[in-house]
Amino acid sequence: MRRIRSQSKVISIKAIIAQLGMALGAVIMLAPIAWMLSTSLKHESAVLSAVPHWIPNPPTLENYISLFTQTKDFPVFRWLANSIFVSSSVTFLVLLVTSCAAYAFARLEFKGRECLFMVVIATMIIPSQVVLIPVFLIVQKLGWFNSYFGLIVPGLASGFGVFLLRQFFLTIPVEFEEAAYMDGASPISIYSRIVLPLAKPALATLAIFTFIGSWNDFAWPLIITNDISLRTLPIGIMIFQGRYTQEFGLTMAAAGVCTIPIIIAFLVFQRRITEGIAMTGLKG
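Plus 26 on top of the position in the sequence shown (first one is 1) and you've got this note's numbering.
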């Protein structure tokens with residue numbers, strides 16, 4: 027009995043330490059977001075105060091009002107529309123391309139399949155900065171500089187997406203597809219009507235990761251566009267940084283607006299993301 031009690035004590039202490047660690051991690055992660063929101067609700071004089079305060083006194087919406095009224099100098103609505111269009115397009119096309127490739131790797135038999143899949147996995151370890159200049163030169167020769175094609179098409183290559191969906195497809199019983207094939211269904215029908223509906227958790231996981239990555243992308247939109255009307259919202263925020271002055275409140279308000287869609291997307295797909303990560307095995 028004493029041994030059981032001592033073991034339960036050890037377990038409870040470990041649980042408390044783990045919970046404290048998670049709470050500390052949450053505070054560290056949320057502190058910058060809280061400071062961003064606090065700064066966006068302050069007057070510029072309060073932002074530059076020698077003694078910083080977490081709670082604005084008094085709070086003001088002048089930074090948000092300025093953000094959405096100075097559209098001549100800062101076309102925020104256009105930047106927001108560009109971000110939504112580019113991120114949504116990249117997400118949809120990545121799901122289409124990677125799901126087709128993943129299904130081929132999971133179900134179709136062809137020569138060199140495993141070697142080709144290893145090459146796809148190997149692309150995941152290559153830093154994006156390494157291929158930035160080659161991709162830029164290719165896009166420039168195609169005439170896609172300063173265009174939506176240049177913003178969207180290079181983001182469609184996703185080795186992670188192929189790997190994630192392929193692993194999930196392997197967990198789907200092949201008997202479902204064999205039964206549909208016996209009923210006269212074509213491979214395309216099996217893929218679109220049976221496999222994809224069963225893979226909704228993995229597709230939702232890939233969709234939210236792709237959307238967040240495309241929405242937050244900074245380097246590629248910065249070098250592929252120089253037209254202010256084609257800039258995405260993260261690039262537009264940089265314009266608020268003047269050469270000699272810095273409007274911190276306005277910049278934080280723009281950063282807050284940029285963060286809202288990501289938070290909404292994560293809250294909507296949170297359950298699907300958890301299911302997708304939990305159900306995606308490492309079956310080979």
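Glycine is no exception: its CB is placed at the ideal position from the N, C-alpha and C atoms.
Where residue i sits in the DSSP three-state scheme
i      : result
Gln193 : helix
Gln155 : coil
Tyr270 : Residue placement at Tyr270 is poorly supported in this model, since its pLDDT is 49, which falls under 50; the coordinates still yield a value, given next. DSSP places Tyr270 in coil when its eight states are reduced to three.
Arg257 : coil
Ser66  : helix
Pro84  : coil
Leu163 : helix
Ile290 : helix
Val77  : coil
Leu222 : helix
Trp61  : helix
Ala280 : helix
Ser38  : helix
Leu168 : coil
Phe295 : helix
Ala49  : helix
Ala183 : coil
Endpoints, alpha helix (DSSP H) assigned at residue i
i      : result
Tyr90  : 88-95
Pro213 : 213-216
Val146 : 139-148
Val73  : 70-73
Phe237 : 226-242
Ile250 : 245-250
Leu121 : 102-133
Ala206 : 200-208
Phe175 : 174-178
Inter-residue CB distance, residue i and residue j (contact presumed, cutoff 8 Å)
i      : j      : result
Ser75  : Leu259 : Contact flag wrong, Cβ pair sits at about 28 Å.
Leu67  : Pro82  : 4 Å
Trp80  : Gly262 : Actually they are not in contact, since the Cβ atoms of Trp80 and Gly262 sit about 27 Å apart, beyond 8 Å.
Ala132 : Arg192 : 5 Å
Leu182 : Val112 : The pair is not a contact, with the Cβ atoms about 12 Å apart (cut-off 8 Å).
Phe237 : Thr124 : Not quite, the Cβ-Cβ distance comes to about 14 Å (not below 8 Å), so this is no contact.
Asn172 : Asp253 : 5 Å
Val73  : Phe274 : 5 Å
Phe189 : Ala230 : Going by Cβ atoms, the distance from Phe189 to Ala230 rounds to 16 Å, so no, they are not a contact pair.
Gln267 : Thr251 : About 18 Å separates the two Cβ atoms, so there is no contact after all.
Phe202 : Ala225 : At roughly 12 Å, the Cβ-Cβ gap does not stay under 8 Å, so Phe202 and Ala225 are not in contact.
Leu121 : Ala233 : 6 Å
Whole-angstrom distance between residue j and residue i, CA atom to CA atom
i      : j      : result
Ala107 : Gly187 : 25 Å
Leu158 : Val165 : 11 Å
Ser154 : Pro247 : 13 Å
Ile42  : Leu50  : 12 Å
Pro101 : Phe235 : 27 Å
Trp170 : Val283 : 29 Å
Ser92  : Ala279 : 9 Å
Leu56  : Ala128 : 36 Å
Gly196 : Ala281 : The sequence shown places Leu at residue 196, not Gly. Cα-Cα distance, rounded: 40 Å.
Val145 : Trp61  : 43 Å
Met208 : Ser215 : 13 Å
Gly138 : Trp241 : 35 Å
Arg257 : Ile59  : 24 Å
Gln185 : Ala148 : According to the sequence provided, residue 185 is Gly. The question's Gln does not apply to it. Roughly 8 Å separates the two Cα atoms.
Ile198 : Ala205 : 13 Å
Val179 : Phe244 : 16 Å
Ile249 : Val156 : 14 Å
Leu168 : Thr86  : 48 Å
Arg297 : Leu46  : 24 Å
Gln272 : Tyr90  : 16 Å
Phe136 : Tyr174 : 35 Å
Cys126 : Pro160 : 26 Å
Ala211 : Tyr217 : 10 Å
Ser114 : Pro287 : 12 Å
Chain D contact for residue i (CB, 7 Å cutoff)
i      : result
Pro223 : Annotation note: the requested chain D is absent from the structure, which comprises a single protein chain.
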